[in-house]
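Residue numbers (the numbering used here), protein chains in the order written: chain A, 91 to 396; chain B, 12 to 200.
Below is one structure, written out as structure tokens, with a few remarks after it.
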Ligand code: SF4
Ligand code: SF4
């Protein structure tokens, strides 16, 4: 299992814990991730409102590099927005001769061209179809002890192109939650939009969505995400969302939880980077579901005494 | 009817015309069932429902379209696109409306479009985007001195968590030739 890895901009900035945990977990699961050399931004949701051509050319540049320099191996993408932008090139440009020609004209300005042969895969797709929950289960060393996890899929990995899951009622994370020893929290907001970049220009609108999602997650030990923007919106605006009817719920990346279950420690999964995982939230979760490893707390006490 | 429509659509520039033409093609087959409106998580913040917006496009009610804030409320969740029984690419239509409004350059376009522009400027300059860089550009474009302050509590929280990084040179201007080419082909600024 070898993949061309496209981290995307968020994972090098506010979502570094997603990047670090994805790399560590995939390595544990026997997959080799090779970062695409000199990759550039996919345009996120900002390119389409500005330029139709750049909306395709920005992601296509990265696929062109994979085609040219990496034998066109599958591209693995953890970020939902990056995933859809890369996928759109294959779905919307390849096969449309006029548009494809225009795209290659733009790419040619940088000495590149894209034929259309690179497969774009989201992290969940790879976990589900190439790795499998069975393998994860076999490798679990620190089960999550019935921690109640609400899988949150968001929008762009399911829509408009359902590739590996049912967009109306997605379930692809559930076998992994069970494999980790967690319990699936059943809820209806799993594919509801978090407000995405509306949070910047019109936070009063986006916060309503976050509040509705957090209210529905009441009773879960944590919400599990696979998108840096979902993670940011659900975490960073909880204070405001709670005033609008939401509930405080910790939010973690799927890969952080996988890492913990596979025996990686909290530090290397960078749990301290999660805005909602305050010490109080961690203690709270630990008390209900997430058993603190005993030796660690012992050294802590020893350290305090010494 | 086509004559009347054409009159209303008197386009100012080629880019204008291209976007309008694309839009009419995209929603031409809409049968006004309202599934898109019912699927939209942000309908409550829109002044015109998505269904009515497609009607306005079919009728060529350009001024009404541009006066609406509806498409600025679209968070690109693709629920309408997924559910439309006619299989229309509605999320793309919302993005095209944003492009149209940018060409028109009205006040709401300047306000709401500022974030997208800040983002693209940063991509062009650095190859990858840097959140601090975007926010600085965005604040400059919005020209609202109170705005950065409204983001301050979050900034402080993120700074403490080590989530804010100072802008660096990134990949440099590696994307500039592509931006220049696309501008030349599409005629935007
Ligand atoms: S769901 Fe499709 S057909 Fe129905 S009103 Fe909306 S755009 Fe028209
Ligand atoms: S894509 Fe935009 S218009 Fe369509 S349902 Fe989502 S927010 Fe509403």
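Glycine residues also receive a C-beta, built at the ideal position from the N, C-alpha and C atoms.
Residue i - DSSP class collapsed to helix/strand/coil
{"i": "residue 150/A", "result": "helix"}
{"i": "residue 357/A", "result": "coil"}
{"i": "residue 125/A", "result": "strand"}
{"i": "residue 38/B", "result": "helix"}
{"i": "residue 80/B", "result": "coil"}
{"i": "residue 312/A", "result": "strand"}
{"i": "residue 261/A", "result": "coil"}
{"i": "residue 140/B", "result": "coil"}
{"i": "residue 156/A", "result": "helix"}
{"i": "residue 210/A", "result": "strand"}
{"i": "residue 57/B", "result": "coil"}
{"i": "residue 338/A", "result": "coil"}
{"i": "residue 392/A", "result": "Here residue 392/A scores only 40 on pLDDT, less than 50, and its place in the model should not be relied on; the value that follows carries that caveat. Three-state DSSP puts residue 392/A in a helix."}
{"i": "residue 128/B", "result": "helix"}
{"i": "residue 324/A", "result": "helix"}
{"i": "residue 191/A", "result": "helix"}
{"i": "residue 366/A", "result": "coil"}
{"i": "residue 144/A", "result": "helix"}
{"i": "residue 182/B", "result": "coil"}
{"i": "residue 318/A", "result": "helix"}
{"i": "residue 100/A", "result": "helix"}
{"i": "residue 266/A", "result": "helix"}
{"i": "residue 204/A", "result": "coil"}
{"i": "residue 247/A", "result": "coil"}
{"i": "residue 226/A", "result": "helix"}
{"i": "residue 346/A", "result": "helix"}
{"i": "residue 187/B", "result": "helix"}
{"i": "residue 130/A", "result": "coil"}
{"i": "residue 285/A", "result": "coil"}
{"i": "residue 254/A", "result": "coil"}
{"i": "residue 31/B", "result": "helix"}
{"i": "residue 86/B", "result": "coil"}
{"i": "residue 352/A", "result": "coil"}
{"i": "residue 25/B", "result": "helix"}
{"i": "residue 32/A", "result": "Nothing about residue 32/A can be read from this structure; chain A reaches only from 91 to 396."}
Counterpart residues of residue i in DSSP-defined beta bridges
{"i": "residue 195/B", "result": "Paired residues: none, contrary to the question."}
{"i": "residue 238/A", "result": "273/A"}
{"i": "residue 290/A", "result": "BP columns for residue 290/A are empty, so no partner."}
Beta carbon of residue i nearer than 9 Å to that of residue j
{"i": "residue 210/A", "j": "residue 153/A", "result": "yes"}
{"i": "residue 198/B", "j": "residue 26/B", "result": "yes"}
{"i": "residue 183/A", "j": "residue 150/A", "result": "yes"}
{"i": "residue 41/B", "j": "residue 99/B", "result": "yes"}
{"i": "residue 349/A", "j": "residue 238/A", "result": "no"}
{"i": "residue 89/B", "j": "residue 245/A", "result": "yes"}
{"i": "residue 264/A", "j": "residue 241/A", "result": "yes"}
{"i": "residue 111/A", "j": "residue 345/A", "result": "yes"}
{"i": "residue 300/A", "j": "residue 284/A", "result": "yes"}
{"i": "residue 106/B", "j": "residue 91/B", "result": "no"}
{"i": "residue 208/A", "j": "residue 163/A", "result": "yes"}
{"i": "residue 113/B", "j": "residue 140/A", "result": "yes"}
{"i": "residue 103/B", "j": "residue 37/B", "result": "yes"}
Extent of the continuous alpha helix (DSSP H) to which residue i belongs
{"i": "residue 341/A", "result": "Residue 341/A -> not in any alpha helix (DSSP H); beta strand (DSSP E) instead, spanning 341-343."}
{"i": "residue 332/A", "result": "328-333"}
{"i": "residue 303/A", "result": "293-306"}
{"i": "residue 109/B", "result": "101-115"}
{"i": "residue 161/A", "result": "Neither: residue 161/A is in no alpha helix (DSSP H) and is coded neither H nor E."}
{"i": "residue 108/A", "result": "106-118"}
{"i": "residue 92/B", "result": "90-94"}
{"i": "residue 50/B", "result": "46-50"}
{"i": "residue 175/A", "result": "170-178"}
Element boundaries [beta strand (DSSP E), containing residue i]
{"i": "residue 95/A", "result": "92-95"}
{"i": "residue 217/A", "result": "Here residue 217/A belongs to no beta strand (DSSP E), and DSSP marks it neither H nor E."}
{"i": "residue 167/A", "result": "165-167"}
Beta carbon proximity, residue i to chain E, threshold 9 Å
{"i": "residue 245/A", "result": "The question asks about chain E, but that chain is absent: this structure's protein chains are A and B."}
Any non-hydrogen atom of ligand 4 within 8 Å of residue i CB
{"i": "residue 47/B", "result": "This structure simply doesn't include ligand 4; it includes ligand 1 and ligand 2 instead."}
Are the segment 251-265 of chain A and the segment 52-72 of chain B touching, with three or more C-beta to C-beta distances below 8 Å? no
Stretch pair the segment 28-45 of chain B + the segment 57-71 of chain B: three plus CB contacts closer than 8 Å: yes
Decide if the segment 184-192 of chain A is in contact with the segment 212-219 of chain A; the criterion is three or more beta carbon pairs, one per stretch, under 8 Å apart. no
Below 8 Å, how does it come out for the segment 111-127 of chain A and the segment 116-130 of chain B: are there three or more Cβ pairs, yes or no? no
Using a Cβ distance threshold of 8 Å, determine whether the segment 126-135 of chain A contacts the segment 161-175 of chain A, with at least three qualifying pairs required. yes
Inter-stretch contact at 8 Å, needing at least 3 Cβ pairs: the segment 94-103 of chain A / the segment 66-81 of chain B: no
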